[in-house]
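Student: According to the UniProt record's numbering, the sequence shown is numbered sequentially starting from 1. Mind having a look at this structure? Questions to follow.
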Amino acid sequence: MAVDRVGMVVHGGRPEAAEAARTVRAWCAEHAVACKDIDVWNDGERRSARQEVAAAGDPGLVVTLGGDGTFLRGARLAAAIDALVLGVDLGRVGFLTEVPMTMVRTALDAVHDDRLDVEQRMLLTMRASCRLEVPSDIEALMSYGRGPLLPPTGVRSDCETGGEWGVPLDVTALNDVVLEKLARDRQISVGVYIAGRLLASYSADALLVATPTGSTAYSFAAGGPVVSPGTEALVFTPVAPHMTFNRSVVAAPDEPVGLRVLERSGRAAVSIDGQLRGVIGPGDWIGVYAAPRRLRAVRLGPMDFYGRLRDRMNLTDAPAAVADGTPAPLWPVRSAPPGDLAHLALPDDPTASG
1 MAVDRVGMVV HGGRPEAAEA ARTVRAWCAE HAVACKDIDV WNDGERRSAR QEVAAAGDPG
61 LVVTLGGDGT FLRGARLAAA IDALVLGVDL GRVGFLTEVP MTMVRTALDA VHDDRLDVEQ
121 RMLLTMRASC RLEVPSDIEA LMSYGRGPLL PPTGVRSDCE TGGEWGVPLD VTALNDVVLE
181 KLARDRQISV GVYIAGRLLA SYSADALLVA TPTGSTAYSF AAGGPVVSPG TEALVFTPVA
241 PHMTFNRSVV AAPDEPVGLR VLERSGRAAV SIDGQLRGVI GPGDWIGVYA APRRLRAVRL
301 GPMDFYGRLR DRMNLTDAPA AVADGTPAPL WPVRSAPPGD LAHLALPDDP TASG
C-alpha cells in the first residue's frame, strides 16, 4: 500500500515508546517515507484533530506508540482525514493496539507491501442543543493534571444546522460518549431516548453510549456487556442509577440515543473518549449516533478478540468445571468445517502447516 507520509503519536512518559519511535523513523528513512511526530500537547495547548494532522502534512498512516489511551488519540487524528491507524502495544491492557514493540518493522513492512488487513471500526458522532464548551470556573478542576484541554468542539459544515435537530458537532468517538455529574453530592437527572422514544428518566452518576469497541472500557466497568468489535451497535449503560432498572441496552446502529438533562437537574459534563469536551445544563441535550464513516485500523491478521478478552481480563475457569475436565484453548476439531459452517469465523486448524 502506497504510504508516503507517516505521523507518530508517542507516549512521552514511556522510554520504550521513545525507542520504538526511533525504529519507526529509521524505517521511514530507509524507505524514503516522510515521518512527522504529532505532539497533541504541542506548546502546552491542544488543537483540533484537523489542525494537528494538517501540521503533520496529512499522513496516510498514523502510528501510535503507547497503550490504548495513545491509540485513542491517534484514532481521533486518523478519523479526521480517513487515514490508516496502526497501534503498537506498549500499554497494560491493550484491547485496541495491534502489534508488540518487537514487531514494529514487520508491521511497517506489511503495510508497505500491502500484506495487511484493514479493519473497519464503528465511530460515534453527535448533535447537541448547543455547542459544547468548558466553563472557565471548572476547567482546572476537570483537567486532572493530564495536560491542557482540547479546544471547543467545532460544527460540521457539511450538515444542516439549527432548529429542533440542534448543532452537528465535529467530533468522533471510538470508545464512548459519557454524560456525568459534576457535583459529588448530587446525581444528574436525564431523560434517555432511543430511536426517538423515551426509554426512561434516570437519576445516575453518569450515562454513557459506547461502540462495540468501547464496550470493554468504561461500559464494561459499569456492568455493561462485552460486544464483539465486529458488531455494529450502540451500547447504552447507566452508571450507578438510583432506580430498579439498571441494565444496559444494546441498540441497532440506526437507532440514535438522546440524553436530555431534566429541568431541576444539576449541570453535567460531556466527555468523548475520556476527554472532557463541554458542560451542559438543565434543558440541554445531546444526541449520539453512528458516524457515517469508519475508523480504518491496520491488522496483520485476524484479531483473536476472545483470546485477548480471556487474557486481558484474566478470566479463570470455575473450579467445578476444571474438575470435570480441562477444555482446549480452541474448539477441538481438526477437520475442515462442513459446507453449512464454512461462512463462519472459526479458528484455523492449529496442526496445518504454513
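Backbone N, C-alpha and C fix where the C-beta goes; we use that ideal spot for every residue, glycine too.
Tell me whether residue 51 sits in a helix, a strand or coil according to DSSP, three-state version.
Tutor: In the structure shown, the three-state DSSP call for residue 51 is helix.
Student: Going along the chain, which residues of its own chain have a beta-carbon closer than 7 Å to the beta-carbon of residue 165, five neighbours each way excluded?
Tutor: 127
Student: Look up residue 302 in the DSSP assignment and say whether it is helix, strand or coil.
Tutor: DSSP places residue 302 in coil when its eight states are reduced to three.
Student: Taking all protein chains shown into account, decide if residue 2 is buried (16 or more other Cβ within 10 angstroms of its Cβ) or exposed.
Tutor: Of the other Cβ atoms in all chains shown, fewer than 16 fall within 10 Å of the Cβ of residue 2; this residue is therefore exposed.
Student: Nearest to residue 19 by alpha carbon, out of 102, 32, 4?
Tutor: Of the candidates 102, 32, 4, 102 places its Cα closest to the Cα of residue 19.
Student: Does the beta-carbon distance from residue 153 to residue 278 come in below 8 Å?
Tutor: yes
Student: Please state whether the Cβ-Cβ distance between residue 298 and residue 77 is less than 8 Å.
Tutor: no
Student: Look at the alpha carbon of residue 54 and the alpha carbon of residue 245, and state the distance between them as a whole number of angstroms.
Tutor: 46 Å
Student: Quick check: what's the CA-CA separation for residue 29 versus residue 235?
Tutor: 43 Å
Student: Check for me: the beta strand (DSSP E) holding residue 125 runs from which residue to which?
Tutor: 117-128
Student: So, at 6 Å on beta carbons, what are the nonlocal neighbours of residue 241 in its own chain, with the 5 sequence-adjacent residues on each side left out?
Tutor: 202, 204
Student: Looking only at C-alpha atoms, which of 219, 137, 189, 230 sits nearest to residue 121?
Tutor: Residue 230 is the option with its Cα nearest to residue 121.
Student: Am I right that residue 73 and residue 182 are in contact with their C-beta atoms under 8 Å? What's the rounded C-beta distance?
Tutor: Going by Cβ atoms, the distance from residue 73 to residue 182 rounds to 24 Å, so no, they are not a contact pair.
Student: Return the CA-CA distance between residue 270 and residue 319, expressed in angstroms with no decimal places.
Tutor: 43 Å
Student: Using the Cα positions of residue 123 and residue 6, report the straight-line distance between them to the nearest angstrom.
Tutor: 22 Å
Student: Determine the direct distance from the alpha carbon of residue 248 to that of residue 176, and round the result to whole angstroms.
Tutor: 14 Å
Student: Can you find the residues in the same chain that come closer than 6 Å, C-beta to C-beta, to residue 119, ignoring five residues on each side of it along the sequence?
Tutor: Contacts found: 297, 299.
Student: With distances taken between CB atoms, is the gap from residue 111 to residue 61 smaller than 8 Å?
Tutor: yes
Student: Please identify the residue among 323, 82, 50, 262 whose C-alpha is closest to the C-alpha of residue 151.
Tutor: Put simply, of 323, 82, 50, 262 the residue whose alpha carbon is nearest the alpha carbon of residue 151 is 50.
Student: Quick one: what's got a C-beta closer than 7 Å to residue 14's C-beta in the same chain, skipping five residues either side?
Tutor: 66, 90
Student: Counting only C-beta atoms, is residue 241 closer than 8 Å to chain D at any point?
Tutor: Of the protein chains in this structure there is only one, and it is not chain D.
Student: Below 7 Å, is the gap between the Cβ of residue 47 and the nearest heavy atom of the ligand ZN?
Tutor: As for the ligand ZN, it is missing from this structure, which has no ligand bound.
Student: With a 10 Å radius around its C-beta and 16 neighbouring C-beta atoms as the bar for buried, classify residue 26 as buried or exposed.
Tutor: exposed
Student: Is residue 243 helix, strand or coil when you go by DSSP?
Tutor: coil
Student: Note down the Cα distance separating residue 372 from residue 312, rounded to an integer number of angstroms.
Tutor: Look at the range of the chain in this structure, 1 to 354, and you will see that residue 372 is not part of it.
Student: Among residues of its own chain, excluding the 5 on either side of residue 206, which ones have a beta-carbon nearer than 6 Å to its beta-carbon?
Tutor: 178, 180, 239
Student: What whole-angstrom Cβ distance do residue 194 and residue 251 have, given they're in contact under 8 Å?
Tutor: 5 Å
Student: From residue 282 to residue 39, what does the alpha carbon distance come to, in whole angstroms?
Tutor: When rounded, the distance between both Cα atoms is 36 Å.
Student: What three-state label does DSSP hand residue 57 in the structure shown?
Tutor: coil
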